[in-house]
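Peer 1:
Number of protein chains: 4
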Amino acid sequence: MAVAQQGDLILLISKDRKVFQVVLKTGTRVQTHQGTIMHDDLIGQPLGRMVQSHLGRDFLVLPPSTHDLIREAERTTQIMFPKDIGYLLLRLNVHPGVRVIEAGTGSGGLMIALAQAVQGHGEVYSYERRADIQQVARANLARLGLERFVTLKLKDIAEGFDEADVDALFIDVRDPWSYLPQCHAALTGGGFFGAILPTINQVAHLLDDLPRYGFAAMEVEELLLRPYKAVAARLRPMDRMVAHTGYLVFARKMVGQINEEWFVPVHGRDRAAARGDMDDYW
Amino acid sequence: MAVAQQGDLILLISKDRKVFQVVLKTGTRVQTHQGTIMHDDLIGQPLGRMVQSHLGRDFLVLPPSTHDLIREAERTTQIMFPKDIGYLLLRLNVHPGVRVIEAGTGSGGLMIALAQAVQGHGEVYSYERRADIQQVARANLARLGLERFVTLKLKDIAEGFDEADVDALFIDVRDPWSYLPQCHAALTGGGFFGAILPTINQVAHLLDDLPRYGFAAMEVEELLLRPYKAVAARLRPMDRMVAHTGYLVFARKMVGQINEEWFVPVHGRDRAAARGDMDDYW
Amino acid sequence: MAVAQQGDLILLISKDRKVFQVVLKTGTRVQTHQGTIMHDDLIGQPLGRMVQSHLGRDFLVLPPSTHDLIREAERTTQIMFPKDIGYLLLRLNVHPGVRVIEAGTGSGGLMIALAQAVQGHGEVYSYERRADIQQVARANLARLGLERFVTLKLKDIAEGFDEADVDALFIDVRDPWSYLPQCHAALTGGGFFGAILPTINQVAHLLDDLPRYGFAAMEVEELLLRPYKAVAARLRPMDRMVAHTGYLVFARKMVGQINEEWFVPVHGRDRAAARGDMDDYW
Amino acid sequence: MAVAQQGDLILLISKDRKVFQVVLKTGTRVQTHQGTIMHDDLIGQPLGRMVQSHLGRDFLVLPPSTHDLIREAERTTQIMFPKDIGYLLLRLNVHPGVRVIEAGTGSGGLMIALAQAVQGHGEVYSYERRADIQQVARANLARLGLERFVTLKLKDIAEGFDEADVDALFIDVRDPWSYLPQCHAALTGGGFFGAILPTINQVAHLLDDLPRYGFAAMEVEELLLRPYKAVAARLRPMDRMVAHTGYLVFARKMVGQINEEWFVPVHGRDRAAARGDMDDYW
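Residue numbers (this note's numbering), protein chains in the order written: chain F, 22 to 303; chain C, 22 to 303; chain H, 22 to 303; chain G, 22 to 303.
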């Protein structure tokens with residue numbers, strides 16, 4: 022049985038679902054709204070158990086997932102949601118061995134996931150032009166022990182990226198179309214381009230410009246996460262849900278001459294909504 | 022500029038969107054419905070370009086993403102969808118350094134993603150009781166050069182898993198409730214449990230049993246992927262979409278005594294659909 | 022140009038989107054959080070204009086739609102949503118000339134829509150066993166001038182409905198399966214049965230019982246309404262939405278012997294999620 | 022018990038879910054792929070029963086709902102879906118007593134619903150400029166016995182509508198923004214304007230123009246219908262669904278001077294996706 026160690030990052034969760042991220046350190050304590058817990062009562066003990074504060078209130082002791090880390094990161098800007106991040110990692114082929122650029126750093130939700138996914142077996146570059154935002158992101162990384170897995174860059178991406186031949190590039194700025202030459206220059210041939218945009222007007226603008234700057238195989242998708250009340254006898258979707266985070270736009274860097282046909286999506290061709298075909302689904 | 026190398030896995034995509042996975046090997050050729058392409062015309066050349074078959078038909082040459090690999094895997098059973106897989110990896114905290122069990126192997130879509138995510142910096146165990154299914158999965162892995170990253174096990178999980186203290190376990194069988202003692206035994210304290218189930222009756226059954234076998238913090242979610250026609254001037258969702266792949270169920274392994282309160286979801290609490298709150302959204 | 026008349030029901034909407042329902046009456050005034058408006062300033066004037074309160078604050082003067090009336094009805098219980106009500110009316114074939122039963126009355130959202138749809142050219146019976154709830158519904162009807170279009174019944178439906186050969190029956194109670202003989206007795210042959218249920222467990226229970234009591238052609242559907250920010254230059258879905266109101270269950274009353282095959286859905290057959298078919302939609 | 026009468030429109034449904042619309046007439050027969058059924062075996066008999074063809078194959082005999090009529094209408098163009106039509110009727114306040122314009126007629130799905138909803142207690146005007154399309158719509162109406170409830174107009178709406186002071190107007194053309202002066206002229210003050218548009222670019226164009234032509238209180242919504250397999254023991258959404266039919270745009274006709282604030286939506290205000298608010302829904 023693995024036990025909690027000095028230096029481990031763990032979660033303490035109260036019955037009213039408040040979450041406390043704690044880096045374990047002998048001799049210290051965590052203050053909660055429901056009393057104090059000594060780190061020494063956690064170190065050397067198994068995870069997945071219930072502990073009590075000095076007020077006798079119960080807390081669950083759990084290791085965090087990447088999902089938890091993203092949720093609990095300190096925020097300066099709108100954070101990306103795990104549903105989008107998990108899909109992006111597959112789409113942009115992020116895993117050990119790849120080199121990937123993120124522009125901009127923002128609150129660092131995606132950066133945390135990139136750092137976790139690559140873990141130093143590859144390279145993660147995160148560009149941000151505002152020092153204050155970068156500072157919060159750096160602190161988030163440090164707290165999670167992930168700072169050695171990301172190279173933080175304080176730079177306006179209008180000046181271009183310092184890297185070349187990167188495998189994937191994700192851009193999360195208001196006007197990604199303004200930086201397509203820089204993105205194209207940084208990516209390797211066939212490299213993965215991704216963007217997230219809140220409005221459909223932005224999506225139209227980006228789609229219009231991508232082919233002009235040497236990208237093809239564009240796709241647009243969105244993900245909806247529907248949470249359920251996890252009660253066996255009264256199973257039902259939650260009353261409310263997050264209805265929109267952003268549209269995901271994907272494309273591939275092309276080199277040389279490309280026929281216009283390639284500018285349409287590679288996957289996701291649609292079919293005519295012919296009557297016979299639609300009929301069963303009314 | 023990175024160039025295609027002998028032994029690389031690449032995609033050739035025709036204008037009618039047929040996808041050919043090719044492992045490059047000097048002196049060989051790939052046969053398509055639109056003519057033949059010599060591997061020697063690809064080796065040493067950049068990716069992200071257009072090539073022509075001997076019939077003069079255009080093909081796009083691209084490196085595959087994990088997303089592409091899952092899509093193109095040979096199938097014996099229903100395959101998991103990338104939208105679900107990407108989210109699972111974050112939820113179950115799969116990344117370099119972890120040990121994870123998958124039961125069963127099936128067509129191997131998730132297995133490919135697990136292998137890519139861990140890449141030997143950790144351990145992936147995939148259990149399957151049918152030799153024929155395992156054989157196809159093994160061939161898929163081998164073709165992708167990922168076989169060294171996964172330990173394939175031919176075993177009925179009713180007999181238990183061979184590992185202990187694994188960080189995460191994902192089960193994709195018809196009756197996961199039948200194997201909860203085995204799952205609990207294999208996981209480390211606080212470890213991540215995940216399942217995917219097509220019917221809501223199965224979800225209710227599993228939710229009912231999880232607390233009896235030492236699991237808590239259950240959550241149920243589903244993901245909907247909505248693809249769009251990626252045409253700037255006529256942006257719209259596709260006419261049709263995959264409406265259901267499966268419900269995702271998550272829980273954590275507990276050790277020791279746990280109060281009943283923890284059996285309800287940690288996240289995702291719902292609010293009363295009070296009038297004032299709902300009003301704006303009609 | 023139609024003008025507002027004494028006795029008309031109109032809406033006054035403030036800039037901060039508070040909605041005031043007003044029945045126009047000479048010599049009276051409406052008090053709002055932004056000042057007073059004299060009915061005499063509205064009577065004889067066109068609708069669709071802007072008026073000012075005595076404090077100089079702007080209000081929009083609009084006639085209400087059925088949609089508005091449902092939204093603004095006083096509530097004793099959870100109200101049905103317009104998205105579900107509109108669909109139900111088509112599904113249950115409610116229009117002038119039909120006789121329809123509603124059980125129970127509840128807050129009266131559906132009842133208002135039934136009254137509007139039939140307008141006395143047909144019959145609407147609304148059953149409720151709690152007098153206090155019926156009283157609020159009655160007041161809602163009276164305020165809207167719709168009371169003559171609905172027969173309110175104060176009765177436990179376990180005792181049966183007073184009508185026979187009705188064209189459609191909608192039941193909105195916690196346990197509709199408990200009243201299927203009564204529903205069957207009230208409906209005409211081939212008549213339309215509908216129910217709304219919040220949990221999937223209830224849906225399973227109802228589906229299980231419907232064929233035992235002489236119903237067939239069952240269908241289950243749900244409707245999701247996604248609102249958008251209606252701003253031309255920044256079009257996007259709202260951040261949040263109502264994720265669940267209820268599952269809609271439909272069936273038809275059968276008479277005589279029916280083969281078991283008819284108990285499965287008439288419409289909405291599903292197809293095998295065959296690979297070739299699903300591929301485009303990942 | 023109501024029985025089928027000479028002249029009634031009924032549905033015959035085979036076990037393989039083929040639907041035959043039949044107007045009953047003594048002495049005639051209906052030919053199906055599974056044998057012949059004599060009308061005389063249906064006339065004077067109850068609905069909701071099973072009959073057999075001369076080949077001994079079973080058919081269900083049911084009265085149609087408006088929903089069925091729309092589904093089974095002969096089509097010349099893309100038809101509107103019942104999910105959208107039901108909601109529109111509530112939104113545009115269509116019921117006995119109103120005067121409503123539809124432009125254009127198209128395949129007549131909405132027209133059938135308007136005719137059913139008003140049934141001569143009010144007026145329905147349906148404009149179409151193509152005679153061939155109007156002819157099919159007219160035949161659909163006649164077959165359903167609804168022709169006396171709709172005034173079909175063969176006219177280009179660019180020339181304006183013949184009516185004034187109508188309560189509601191629904192426009193289903195490619196470029197509704199081109200006809201806003203005509204729509205405004207036809208509607209009464211505060212009257213209901215609705216449109217359906219397949220692409221988001223069209224929605225942006227229309228939203229941009231509506232305020233210029235005297236409309237306010239714009240709203241944009243879309244409805245998703247999710248069908249389920251109606252099997253109690255294996256409840257699940259269908260594998261596939263119709264993902265998009267169209268965006269619904271609503272507005273109200275204004276008269277006189279209107280402040281700019283009213284051009285934003287009356288309902289459906291959004292909230293900041295503040296962290297505390299969103300947190301539970303990840």
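Ideal Cβ positions, reconstructed from N, Cα and C, are used throughout, including at glycine.
1) Within the chosen definition, does the stretch 243 to 258 of chain C reach the stretch 200 to 216 of chain C through at least 3 CB pairs nearer than 8 Å?
2) Classify V24 of chain G as buried or exposed, calling it buried when 16 or more other Cβ atoms lie within 10 Å of its own Cβ.
3) Quick check on A94 of chain C - is its C-beta less than 8 Å from some C-beta in chain H?
4) Mind pulling the chain C residues with CB within less than 7 Å of H255 of chain G?
5) Which residue marks the beginning of the alpha helix (DSSP H) containing D260 of chain C, and which one marks its end?
6) Can you list, in chain order, the residues of its chain whose CB lies under 6 Å from that of L110 of chain F, leaving out five sequence neighbours each side?
7) Just to make sure I have the definition right: I need the residues of chain F whose C-beta is within less than 8 Å of the C-beta of P258 of chain H. Which are they?
8) Classify L175 of chain C as buried or exposed, calling it buried when 16 or more other Cβ atoms lie within 10 Å of its own Cβ.
9) Take Y302 of chain G and list the residues in its own chain whose beta-carbon comes closer than 8 Å to its own, dropping the five residues that flank it on each side.
10) Determine the closest residue to V82 of chain C out of C:F41, C:G210, C:T97, with distance taken between C-alpha atoms.
11) I want to verify the contact list: residues of chain C whose CB lies under 9 Å from the CB of T209 of chain F, in sequence order.
12) By DSSP, does I154 of chain C sit in helix, in strand, or in coil?
13) What residues in the stretch 129 to 147 of chain C have a beta carbon less than 7 Å from any beta carbon of chain F?
14) Out of G:Q55, G:S35, G:I106, G:V51, state which residue places its alpha-carbon closest to the alpha-carbon of M71 of chain G.
15) Cα separation between I100 of chain F and P197 of chain F?
16) What alpha helix (DSSP H) runs, 4 residues minimum, are completely inside the stretch 179 to 230 of chain H?
17) Just checking, does the stretch 185 to 193 of chain H make contact with the stretch 113 to 132 of chain H on the three C-beta pairs under 8 Å criterion?
18) Mind the definition here: the stretch 54 to 72 of chain G touches the stretch 210 to 228 of chain G only if three or more C-beta pairs lie below 8 Å; say whether that holds.
19) So, is the C-beta of A251 of chain G closer than 8 Å to a C-beta in chain F?
20) Go through its chain and collect everything with a Cβ distance to A179 of chain C's Cβ below 8 Å, but skip five positions before and after it.
21) Quick check on the burial criterion: 16 or more other C-beta atoms within 10 angstroms. Buried or exposed for R261 of chain C?
22) Show which residues of chain D have a CB atom less than 9 Å away from the CB atom of R261 of chain H.
23) Closer than 8 Å, CB to CB, is D247 of chain C near chain G or not?
24) Any beta carbon from chain H within less than 8 Å of A225 of chain C's own beta carbon?
25) On the three-state DSSP scale, how would you describe D29 of chain F?
26) Output needed in chain order: residues of the stretch 38 to 60 of chain F with a Cβ under 9 Å from some Cβ in chain C.
27) Check for me: the alpha helix (DSSP H) holding D79 of chain C runs from which residue to which?
28) If you draw a straight line from the C-alpha of I122 of chain F to the C-alpha of H142 of chain F, how long is it?
29) Assuming L256 of chain C contacts A237 of chain F (C-beta within less than 8 Å), just tell me the rounded distance between them.
30) On the DSSP bridge list, what partners appear for V241 of chain C?
31) Considering only C-alpha positions, which residue in the set G:H54, G:Q55, G:M59 is nearest to G48 of chain G?
32) Give me the DSSP bridge partner(s) of L175 of chain F.
33) I133 of chain F and L167 of chain F - do their beta-carbons sit closer together than 8 Å?
34) Under 8 Å, do L45 of chain G and Q26 of chain G count as touching if we go by C-beta distance?
35) Can you give me the start and stop residues for the alpha helix (DSSP H) that V333 of chain F sits inside?
Peer 2: So, from the data block:
1) No, because fewer than three Cβ pairs between the stretch 243 to 258 of chain C and the stretch 200 to 216 of chain C fall closer than 8 Å, the two stretches do not touch.
2) By the neighbour-count definition (other C-beta atoms within 10 Å, threshold 16), V24 of chain G is an exposed residue.
3) Using a Cβ-Cβ cut-off of 8 Å, A94 of chain C does not count as an interface residue toward chain H, since no Cβ of chain H sits closer than that to its own.
4) His is not the amino acid found at residue 255 of chain G; the sequence shown has Arg there. Within chain C, the residues near R255 of chain G are T220, N222.
5) For D260 of chain C, there is no enclosing alpha helix (DSSP H), since its DSSP letter is neither H nor E.
6) A distance below 6 Å between beta-carbons, with the five flanking residues on each side excluded, links L110 of chain F to the following residues of its chain, in chain order: A138.
7) What P258 of chain H touches in chain F: A264, H265.
8) Around the CB of L175 of chain C, fewer than 16 other CB atoms lie within 10 Å, so the residue is classed as exposed.
9) Summary for Y302 of chain G: the model assigns pLDDT 33, below 50, so the residue's position carries little reliability, and this model does not support an answer.
10) Checking every option, the nearest Cα to that of V82 of chain C belongs to C:F41.
11) The contacting residues are M22, A23, P67, L68, G69, P84.
12) In this structure, I154 of chain C counts as helix in the three-state DSSP scheme.
13) Cβ proximity to chain F below 7 Å picks out A134, Q137, A138, Q140, H142 from the stretch 129 to 147 of chain C.
14) Considering only alpha carbons, the answer is G:S35.
15) When the Cα atoms are used, I100 of chain F and P197 of chain F turn out to be separated by approximately 17 Å.
16) Those alpha helix (DSSP H) runs which fall completely within the stretch 179 to 230 of chain H and span 4+ residues are 201 to 207, 221 to 230.
17) Three or more Cβ pairs closer than 8 Å define a contact, and the stretch 185 to 193 of chain H meets that threshold against the stretch 113 to 132 of chain H.
18) Contact between the stretch 54 to 72 of chain G and the stretch 210 to 228 of chain G is absent, because fewer than three Cβ pairs lie under 8 Å.
19) Answer no: the Cβ-Cβ gap between A251 of chain G and chain F never drops below 8 Å.
20) For A179 of chain C, same chain residues with a beta-carbon under 8 Å away, outside a window of 5 residues either side, are S199, Y200, Q203 in chain order.
21) R261 of chain C is buried by the Cβ-count criterion.
22) As a matter of chain content, chain D is missing from the structure shown, whose protein chains are F, C, H and G.
23) Per the sequence presented here, residue 247 of chain C reads as Arg, with Asp not at that position. With respect to chain G, the C-beta atom of R247 of chain C has a partner C-beta closer than 8 Å.
24) Chain H contact via Cβ: present.
25) In the structure shown, D29 of chain F sits in coil (DSSP, three-state: anything other than H, G, I, E or B).
26) Shown in chain order are the members of the stretch 38 to 60 of chain F whose Cβ falls below 9 Å from a Cβ of chain C: R38, V40.
27) No alpha helix (DSSP H) contains D79 of chain C, which is instead part of the beta strand (DSSP E) from 79 to 83.
28) Separation of I122 of chain F and H142 of chain F (C-alpha to C-alpha, rounded to the nearest whole angstrom) is 15 Å.
29) Not really, about 18 Å apart at Cβ, beyond 8 Å.
30) In DSSP, V241 of chain C forms a bridge with F:Y249, C:V270.
31) From the listed residues G:H54, G:Q55, G:M59, the smallest Cα separation to G48 of chain G is found for G:M59.
32) According to DSSP, which records beta bridges pairwise, L175 of chain F is partnered with F:E149.
33) Their beta carbons are under 8 Å apart, which means L167 of chain F touches I133 of chain F by this criterion.
34) L45 of chain G places its beta carbon less than 8 Å from that of Q26 of chain G.
35) Nothing in the structure corresponds to residue 333 of chain F, since chain F is present only between 22 and 303.
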